[in-house]
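One structure is given below, encoded as structure tokens.
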Amino acid sequence: PIFFSQLKSRSYSNSRLVKHGHDSDDESSPKVHINWINRHGDRVSTDAKIGSNLMRVAHRHGIELEGACEGVCACSTCHVILEEKVYDMLPEPSEEEEDMLDQAFGL
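Residues in the sequence shown are numbered from 1 upward in steps of one, following this note's numbering.
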């Protein structure tokens, strides 16, 4: 499983413009298991199709995740924090992503 945590680790956002806001309706799309851990340590487990918008996945499952810009990558309120081993598997964030995360509260 992949753990998304607001407690530890580094933050990361990887919204590609071609995928941004896209949630596939294709039921055959591969899925990933996500364990969401909030700031109080409570865990909620969900499944999501690979390439799904994580903010929308969170909201669909009743998980509190702010998205002030409604998920159009114009702010940094919906960022997530990944475990170090998961973060290390991802490509380096772009300069634009780094600039956006510089605005994120508490990072």
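Beta carbons: idealized from backbone N, C-alpha and C, even for Gly. From a predicted model like this one, the values you see are computed outputs, not experimental measurements.
Contact annotation: G71 and N53 have beta-carbon atoms nearer than 8 Å.
Straight-line spacing of the CA atoms in D47 and E96 works out to 29 Å. Separation of F105 and C69 (C-alpha to C-alpha, rounded to the nearest whole angstrom) is 15 Å. Assignment of D47 by DSSP, reduced to helix, strand and coil, places it in the strand class. With a 10 Å radius around the Cβ and a threshold of 16 neighbouring Cβ atoms, I81 comes out buried. Rounded to whole angstroms, V32 and L90 show a C-alpha spacing of 15 Å.
With a beta-carbon spacing of about 4 Å, M55 and C78 fall inside the 8 Å limit used to define contacts.
If you ignore the 5 residues before and after G67, its C-beta comes within less than 7 Å of the C-beta of M55, T77, C78, all in its own chain and listed in chain order.
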